[in-house]
Amino acid sequence: MPRTTSKLTPRTLIPIALILLALGARLIPGPRTIDDAFITFRYARNILAGEGFVFNPGQRVMGTTTELYTLLMTGLGALAGGPQADLPWIALVVNALADAGTALLLWQIGKRAGFELAGAAAGLAWGVAPYSVTFAIGGLETSLYVFLLTLTVWAHITHRGRLTALAAALSLLTRPDALILLGPLALDWLIRGFRNKAERVRMSEILIAALPLLAWLIFATLYFGSPIPHSVQAKLGAYRLGSVEGLVRLLQHYTTPFHWQNLMHSAAAVSLGVLLFPFLSFVGIYRSVRAESRLATWAVYPWLYLIVFAAANPLIFRWYLTPPLPAYFFFIFVGLEDVLTRLSTARRAGPAPVWLRSLLMAALCAPMLVGLLSEWRLRPDHGPLRPAPDMAFIQLELLYRQAAEQTAPRLNGQSVLAAGDVGVLGFYTPARILDLVGLNSPEALQYYPLDEKYYAINYAVAPEMILDQQPDALVILEVYGRLGLLRDERFTAGYRLEQTLPTDIYGSKGMLIYWKK
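In this text, residue positions in the sequence shown follow the working numbering: the first is 582, and each later residue adds one.
This is the structure in structure tokens:
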């Protein structure tokens, strides 16, 4: 029989490159775990230890908004050693695989719409983007969430109804703001069903989507008393923000998606981005939706996301800025490919050859990818000395780890440790945690909103909470209590400052460790 040999072609090299890039960009830095991820890990560890779905044993409070990710960490943790499992590394591997999947899906969506080069470019950008890598190595659910959203879109445009339903349900169980995409997508699905009987939603698809959501709804209501995460209400009450603070932060993000501010003066980068990236995105939206009308809901998603979060005006944590990026990248690159194709065609009798368009596309995409890579550091100035995005700073987490090492020997399962950031302290100490923001401690809600006079930044500890709850120890950044708690004579009479860890994070004058007298 004749021997057959498989040849590597550009089309077969694309998925290999996307997978290797996404995996390498996450596995090489290793875990640089963010405080909020440790909250999820504590929930998972308590489940594995038989304490139940709780942050503090015996206190059924749903302080996480990512129930699916928590259960996934629990299941994988059970396979990897139980309560002693290395959850930061488990999360990193899951997130690396999820981001590799997202990169492949972006390429496949591009092929479906007739813009394969743009899809590949978007996949490459996602593979190294600081807003992608930072939260993958940070242990958050962001990578899994984005993968499920992108999978939902791909399944929808390829007419895989059951997969669309399942991915949609799982994405909603990963983050509630998935509704920003799923609402318009469901409406599009229903409208198409009314217009064309062949596209009607089937009962099996409804059941696939409804059953996981219904199961969680029933469990959360019976177990926690409500399916609405407690942390949502807490964040709205504890933080003080300007009326347009969220909008400003989002606009900055949308005008510098490729971090060109690192390559040129910030004002020039923003000015260029205000004109260039929305223009390319809208060109890409127009061309993509004309080629594949089912992309319409994904096309509006980045802009609907901006509107919803600007109107809600929450404190914009960095990971809130990540979900719209894959779609935004994709449509920018489609716009770029379309403009390039039209310019090259205008100078020739017919379309330019593929190799020429590929070469020109690569040349035009290069500055964008260089902008993303400019955010990387070969040797970060703290944490593991491995290449990582500069955005992946964990100085605060390292300080809390130091505070945990200082306080843990004097704490036990009955001790109460109060803190404004509770992830690291909750994971590395045996104490019950009084969450001063209220994400995991319902007793904190009654003390907010707080009088403006107590705020040096957008958060301040409520003095009366400490005086009423009387925790055994308190760990806070100085700036959290500067204008309130630390000036209260009742507090200074009952607590002594035993250690100050040097730091100027958030303009703070150290991290303070207090013990009850």
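Glycine included, each C-beta is placed from N, C-alpha and C at the ideal position.
Bear in mind that the values here come from a model prediction, so they are computed numbers and not experimental data.
_Counting C-beta neighbours from all protein chains within 10 Å, is the total for L803 16 or more, i.e. buried, or is it exposed?_
exposed
*asked:* Three or more C-beta pairs under 8 Å: does that hold for the stretch 1071-1082 against the stretch 1032-1051?
replied: yes
_According to DSSP, K1097 sits in a beta bridge with which residue or residues?_
Y1076
_Touching by the beta-carbon criterion (3+ pairs, under 8 Å), the stretch 801-818 and the stretch 1011-1020_ = yes
*What does a CB cutoff of less than 7 Å around L1066 pick up in its chain, not counting 5 residues either side in sequence?*
V1042, P1044, I1047 and F1072
*What does V727 pair with, by DSSP beta-bridge criteria?*
V727 is not bridged to any residue.
*When P757, A801 and V782 are compared against L768, the one with the closest alpha-carbon*: V782
*So, G1001 versus Y1061, is the Cβ gap smaller than 8 Å?*
yes
*Would you kindly report the start and end of the unbroken beta strand (DSSP E) that includes R1013?*
R1013 to D1016
*DSSP on R783, reduced to helix/strand/coil?*
coil
_Please state whether the Cβ-Cβ distance between R693 and T739 is less than 8 Å._
yes
_Secondary structure of I615, DSSP reduced to three states_ = coil
_Check this for me: beta carbons of H820 and L887, under 8 Å apart or not?_
It should be noted that the sequence gives Tyr, not His, for residue 820. Result no, Cβ atoms of Y820 and L887 do not sit closer than 8 Å.
*May I ask you to report which of helix, strand or coil DSSP gives I1057?*
strand
*Have a look at the DSSP bridge pairing and note the partners of N637.*
Q640
*For the candidate residues R991, K1098 and G742, whose alpha-carbon lies nearest to that of A779?*
G742
*Please say whether G720 and P810 have beta carbons closer to each other than 8 Å?*
no
*Between the Cα of I595 and those of G691, L953 and F860, spot the shortest distance and give me the residue it belongs to.*
G691
*State the Cα-Cα distance for the pair E918 and L698, rounded to the nearest angstrom.*
7 Å
*W688 to D680 span [Cα, whole Å]*: 13 Å
*Name the two residues that bound the continuous beta strand (DSSP E) containing L998.*
V997 to A1000
*Figure out for me which residue from Y901, A1037 and Q983 has the closest Cα to the Cα of I761.*
Y901
*asked:* Taking 8 Å as the cut-off, does the stretch 656-673 touch the stretch 1022-1042 (at least 3 CB pairs, one atom from each stretch)?
replied: no
*Does DSSP put M1046 in a helix, in a strand, or in coil?*
helix
*Go to A701, then tell me how far its alpha helix (DSSP H) extends in each direction, as first and last residue.*
E697 to V709
_Own chain, CB closer than 7 Å to L1082, minus 5 neighbours either side, in chain order_ = L980, Q983, A984, G1091 and M1092
*asked:* Report the CB separation of V727 from T836 in whole angstroms; it is logged as a contact under 8 Å.
replied: At roughly 21 Å, the Cβ-Cβ gap does not stay under 8 Å, so V727 and T836 are not in contact.
*Alpha-carbon spacing of L599 relative to L921, whole angstroms*: 23 Å
*Cα separation between R773 and T733?*
17 Å
*How about the stretch 621-637 and the stretch 784-799: do they share at least three Cβ pairs that are nearer than 8 Å?*
no
*Rounded to whole angstroms, what's the CA-CA distance from L725 to K1098? Just pull it up for me.*
45 Å
*For D1085, which of P990, L977, L795 and F1008 has the nearest alpha-carbon?*
L977
*Could you tell me whether the Cβ of L817 comes closer than 8 Å to any Cβ of chain D?*
Protein chain content of the structure displayed is limited to a single chain, and chain D is not contained in it.
*Status (buried if at least 16 other CB within 10 Å, exposed otherwise) for H834*: buried
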